[in-house]
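A.B. asks:
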Amino acid sequence: MKIKVAPSILSADFGRLNEEVASVESYSDLIHVDVMDGHFVSNITIGVPVVRCIETGLPLDVHLMIDSPEDYIEDFVKAGADYITVHFEACKDVKGALKMIQKYGIGVGISIKPGTKVQVLKPYLHLLDLILIMSVEPGFGGQKFMSSALEKIKWLREQGFKGEISVDGGINGETGSACVKAGASILVAGNYIFGAKNRQKACESLRGK
Ligand code: DX5
Ligand code: ZN
């Protein structure tokens, strides 16, 4: 499977957001957008109005780290999301939330925190386009990769899951390559890309170039 690179704008300069997005666009496949509500995670980032302002030709990969994500799916679809990923731990009705995303004809995603067993996803695999494995506690960029993510990725591929498996948190050239070996198809990276002197090189190194 061809590796897709998804820069996380959490590590970008929000005051120049579209310039920052443009700086990585040619070397990336998706733009990863972290939405946090200060409840599900102890940090607050951006919401619908900012997502609506992102100008890019790439698909918007919206990672909702918010409680009751069901209540906001329609708003994020209207704001331009191409994938919406909800957290398993945050949904009142997981299947209902996934069906709601599916109804809008965009990519259906689910994410699990490091402490959540990947096996909980088994009943939903047929509904999913994307599974986002968190390799750090969600909430902040710049944390250390947790290698427990690798077993989760392997398990999903062993189940015959053919959709996208994305990994998020502490991804760099080295941890990214371990994830790809395990079966990941999307690498989300914040600090590694936006903190790099040469962002093109950082993106290419994630592809193993
Ligand atoms: C963390 C976010 C990540 C974050 C990753 O909760 O979901 O997308 O930006 O940042 P890095 O790549 O710096 O670990
Ligand atoms: Zn994320």
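The sequence shown begins at 1235 in our numbering and counts up by one.
All C-beta atoms in this analysis are idealised placements derived from N, C-alpha and C, irrespective of residue type, glycine included.
1) Around the C-beta of residue 1372, are 16 or more other C-beta atoms found within 10 angstroms, so that it is buried, or is it exposed?
2) Could you tell me if the beta carbon of residue 1194 falls within a distance shorter than 8 Å of some heavy atom in the ligand ZN?
3) Once DSSP output is grouped into helix, strand and coil, what is the label at residue 1348?
4) For the beta strand (DSSP E) holding residue 1319, just list the boundary residues, first then last.
5) Between the Cα of residue 1310 and the Cα atoms of 1345, 1334 and 1240, which residue gives the shortest distance?
6) Cβ of residue 1372 within 8 Å of any heavy atom in the ligand DX5?
7) Whose CA, out of 1297, 1307, 1391 and 1430, lies closest to the CA of residue 1402?
8) Taking all protein chains shown into account, decide if residue 1349 is buried (16 or more other Cβ within 10 angstroms of its Cβ) or exposed.
9) From the DSSP output, read off the bridge partner residues of residue 1247.
10) So does residue 1320 have its beta carbon nearer than 8 Å to some heavy atom of the ligand DX5?
11) Under the criterion of a Cβ to heavy atom distance below 8 Å, does residue 1242 qualify as lining the ligand ZN?
12) Who are the Cβ neighbours of residue 1247 in its own chain at under 7 Å, not counting the five residues just before and after it?
13) Of all the beta strand (DSSP E) runs that stay within the bounds of the segment 1330-1412, which reach a length of 3 or more residues?
14) Have a look at residue 1432 and residue 1331 and give me their C-alpha separation to the nearest angstrom.
15) At a cut-off of 8 Å, would you count residue 1422 as near the ligand ZN, judging by its Cβ distance to the nearest heavy atom?
16) Would residue 1303 be called buried (16 or more neighbouring beta carbons within 10 Å of its own) or exposed?
17) Does DSSP put residue 1440 in a helix, a strand or coil?
18) Along the chain, where does the alpha helix (DSSP H) that runs through residue 1431 open and close?
C.D. replies: The relevant details are as follows:
1) buried
2) The requested residue 1194 is not part of the displayed model; the chain covers only 1235 to 1443.
3) Residue 1348 falls in the coil class under three-state DSSP.
4) 1317-1321
5) 1334
6) yes
7) Answer by Cα proximity: 1297.
8) exposed
9) Beta-bridge pairing links residue 1247 to no other residue.
10) no
11) yes
12) 1254
13) 1341-1346, 1364-1368 and 1398-1402
14) 39 Å
15) yes
16) With 16 or more other Cβ atoms inside 10 Å of its own Cβ, residue 1303 counts as buried.
17) helix
18) Unbroken run through residue 1431: none, as it is neither H nor E.
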